[in-house]
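Numbering-wise (this note's numbering), the first sequence opens with residue 37 and increments by one. Note sheet for the following structure.
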Amino acid sequence: MKHWLYKSEPEVYGIEHLRRDGTTLWDGVRNYQARNNLMAARIGDRAFFYHSSAKPPGVAGLMEVVETRVVDPTQFDPESKYFDPASKPGDPRWITVRVQYVEAFEQFLALPFLRQTFTAKQLPILARGNRLSVTRVPPATARRLLDLTGSTERS
DNA sequence: GCCAACGTTGGC
DNA sequence: GCCAACGTTGGC
Numbered sequence: 037m038k039h040w041l042y043k044s045e046p047e048v049y050g051i052e053h054l055r056r057d058g059t060t061l062w063d064g065v066r067n068y069q070a071r072n073n074l075m076a077a078r079i080g081d082r083a084f085f086y087h088s089s090a091k092p093p094g095v096a097g098l099m100e101v102v103e104t105r106v107v108d109p110t111q112f113d114p115e116s117k118y119f120d121p122a123s124k125p126g127d128p129r130w131i132t133v134r135v136q137y138v139e140a141f142e143q144f145l146a147l148p149f150l151r152q153t154f155t156a157k158q159l160p161i162l163a164r165g166n167r168l169s170v171t172r173v174p175p176a177t178a179r180r181l182l183d184l185t186g187s188t189e190r191s
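So this is what it looks like as structure tokens:
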């Protein structure tokens, strides 16, 4: 089982929205590297929910991947801000996953704390200039994060 | 609001 | 294929 980190702005869609919805389609990713990471997810993988552009930003909760390689419908919707006129229904460009709520962490981990605790190698989003919205979290880092958050999944 | 770090686009 | 211009992300 792999661990990932998915970013979203909590004012747009945060862990509390997911708690309410139960599951959601992680749509709107329009970066090829991030998409490739989404395509590498397998059912049962866990994803840390990262609140970006928040005050403060940080790791807020945990999700489980429940459906993989889902065609992102917003690419074909002219009304959507994620509409991609170059993507063809027979050859969709944007593929994503469905995620399910696992928990909102008792202990939110703010970015300054993450910087104190991990190196950029341990947690790729800390790398200078890293703007990728979907990244892998190495197993050792995932374990430490789960411990630090008081997750129900801690070992 | 600013800026760094990229990714994308389009002219040539 | 190069590269300048432009757009986006996201922290500060």
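Glycine is no exception: its CB is placed at the ideal position from the N, C-alpha and C atoms. Bear in mind that the values here come from a model prediction, so they are computed numbers and not experimental data.
Could you name the residues of the same chain whose beta carbon sits closer than 6 Å to that of residue i, not counting the 5 residues immediately before and after it, in chain order?
i	result
Lys-38	Asp-81
Glu-142	Gly-186
Pro-92	Ala-146, Leu-147
Tyr-118	Gly-64, Thr-110
Name the residue from the options whose alpha carbon lies nearest to the alpha carbon of residue i.
i	options	result
Glu-189	Ala-140, Pro-92, Met-75	Ala-140
Gly-97	Phe-84, Val-170, Ser-191, Thr-171	Phe-84
Thr-59	Arg-134, Asn-73, Trp-40, Arg-129	Arg-134
Val-107	Pro-114, Asp-127, Ser-88	Asp-127
Pro-174	Ala-156, Arg-105, Ser-191, Gly-165	Ala-156
Leu-184	Gly-165, Phe-144, Asn-166, Arg-151	Phe-144
What distance in whole Å lies between the Cβ atoms of residue j and residue i, which are believed to be in contact at a cut-off of 8 Å?
i	j	result
Thr-177	Leu-162	No, Thr-177 and Leu-162 are not in contact; Cβ-Cβ is about 10 Å, not under 8 Å.
Leu-181	Val-48	Wrong, their Cβ atoms sit about 23 Å apart, outside the cutoff.
Can you pull the DSSP bridge partners for residue i?
i	result
Val-101	Val-135
Thr-60	Val-135
Gly-94	His-87, Ala-146
Val-107	Ile-131
Residues in its own chain within less than 7 Å of residue i by CB, not counting five upstream and five downstream?
i	result
Ala-70	Leu-168, Ser-169, Val-170
Val-102	Thr-59, Ile-79, Arg-134, Val-135, Gln-136
Can you list, in chain order, the residues of its chain with a C-beta nearer than 8 Å to that of residue i? Leave out the 5 residues immediately preceding and following it.
i	result
Ile-131	Arg-71, Leu-74, Met-75, Arg-105, Val-106, Val-107, Asp-108
| field | In chain order, each beta strand (DSSP E) run of at least 3 residues that lies wholly inside the region 138-179 | value | 170-173
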